[in-house]
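Numbering (our numbering), first residue to last: 1174 to 1423.
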């Protein structure tokens, strides 16, 4: 088990003394980032003190550290009266706080807190015939946020070819909300780092097919992240211009 954002880690230490197989990670107090994956991850009251992009970073980290069939639990506060900065009662420093609503299964809610259960997107059955909405359970996910996920392409153009997909079934990228579009590019940046570490490519092509005339064959938005390697084609000049073959070279 992993306690993600454990603070000083006193709870983790106590559970270890009681015989539980648990480790703690905290960006400030226990900064040794975990090197393995976990069956169970808990993240207690971390998201309430983070701004949206930082929240997304936590969700992505947890998705990467969780085993394919594992479970994660996010506890958030439900007793906040105001959002924004307040003066910390003990430390007398400005402290950010916000309400957090996640699109995950709520397993407990009372006046003080709510606990969400998270499983990888492809471990949940969705009522759809779309191959992305009902992604196979054995597909390896690269990363996931609350509104989008990334996985390795089943017919890769190159080693590490990754698709980034919004969870909402929408055919046209330009019909996504700004929030959904932003989530795709947050994931793109994250996937780039993961792919660099895993495959050490020399470059990337990044693209979206919108509409049949542009080559779209599955009508659920997906962003291609294609690692490129020196020598993978004779002359790569022109890059994405190659979607129209006689216009690639200029």
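Think of the CB as a built atom: it goes at the ideal place given N, C-alpha and C, for glycine as much as any other residue.
Legend entry - Rounded straight-line distance, which links the Cα of residue 1390 to that of residue 1189: If you number the chain shown from 1, residue 1189 lands on position 16. If you number the chain shown from 1, residue 1390 lands on position 217. Between residue 1189 and residue 1390, the C-alpha separation is close to 51 Å.
Legend entry - Paired residues, beta bridge with residue 1216 - DSSP: As a position in the chain shown, residue 1216 is number 43, starting the count at 1. Residue 1216 pairs with 1247.
Inset, instruction - Please state whether DSSP places residue 1224 in a helix, a strand or coil. - result: Indexing the chain shown from 1 puts residue 1224 at position 51. In the three-state reduction of the DSSP assignment, residue 1224 falls in the coil class.
Legend entry - C-alpha gap between residue 1407 and residue 1381, whole angstroms: As a working note, residue 1407 is residue 234 in the chain shown. As a working note, residue 1381 is residue 208 in the chain shown. Distance between the alpha carbons of residue 1407 and residue 1381: 24 Å.
Inset, instruction - Give the secondary structure of residue 1350 by DSSP, where H, G and I count as helix, E and B as strand, and everything else as coil. - result: As a working note, residue 1350 is residue 177 in the chain shown. Three-state DSSP puts residue 1350 in coil, outside helix and strand.
Legend entry - Distance between residue 1388 and residue 1423 (C-alpha atoms, nearest Å): Locating residue 1423 in the chain shown gives position 250, counting from the first residue. Locating residue 1388 in the chain shown gives position 215, counting from the first residue. The straight-line gap from Cα to Cα measures roughly 22 Å.
Legend entry - Of the listed residues 1294, 1321, 1320, nearest to residue 1309 (C-alpha basis): Mapped onto the chain shown, residue 1309 falls at position 136. The shortest Cα separation from residue 1309 among 1294, 1321, 1320 belongs to 1294.
Inset, instruction - Express the C-alpha separation of residue 1306 and residue 1280 in angstroms, rounding to a whole number. - result: For the purposes of this step, residue 1280 is taken as the residue at position 107 of the chain shown. For the purposes of this step, residue 1306 is taken as the residue at position 133 of the chain shown. Answer to the nearest angstrom: the Cα atoms are 23 Å apart.
Inset, instruction - Helix, strand or coil for residue 1287, going by three-state DSSP, please let me know. - result: Residue 1287 sits at position 114 when you count from the first residue of the chain shown. Three-state result, residue 1287: strand.
Legend entry - Cβ-Cβ distance between residue 1237 and residue 1316 below 8 Å: In the chain shown, residue 1237 corresponds to position 64, counting from 1. In the chain shown, residue 1316 corresponds to position 143, counting from 1. In this structure, residue 1316 lies closer than 8 Å to residue 1237 by Cβ.
Inset, instruction - With DSSP collapsed to three states, give me the class of residue 1407. - result: Translated into the one-based positions of the chain shown, residue 1407 becomes position 234. Looking at residue 1407 - three-state DSSP - the assignment turns out to be coil, as it is neither helix nor strand.
Inset, instruction - Give every residue of the same chain whose Cβ lies closer than 7 Å to the Cβ of residue 1272, excluding the five residues on either side of it in the sequence, and list them in chain order. - result: The residue given as residue 1272 occupies position 99 in the chain shown. Same-chain partners within the cutoff: 1253, 1256.
Legend entry - Alpha carbon of residue 1329 to alpha carbon of residue 1335, nearest angstrom: Sequence index remark: in the chain shown, residue 1329 carries index 156 (1-based). Sequence index remark: in the chain shown, residue 1335 carries index 162 (1-based). Here the C-alpha atom of residue 1329 lies approximately 8 Å from the C-alpha atom of residue 1335.
Inset, instruction - Pick out whichever of 1312, 1304, 1340 has its Cα sitting closest to the Cα of residue 1319. - result: Taking the chain shown and counting its residues from 1, the one referred to as residue 1319 is at position 146. Checking every option, the nearest Cα to that of residue 1319 belongs to 1340.
Legend entry - Distance between residue 1349 and residue 1421 (C-alpha atoms, nearest Å): As a working note, residue 1421 is residue 248 in the chain shown. As a working note, residue 1349 is residue 176 in the chain shown. Going from the Cα of residue 1421 to the Cα of residue 1349 covers about 29 Å.
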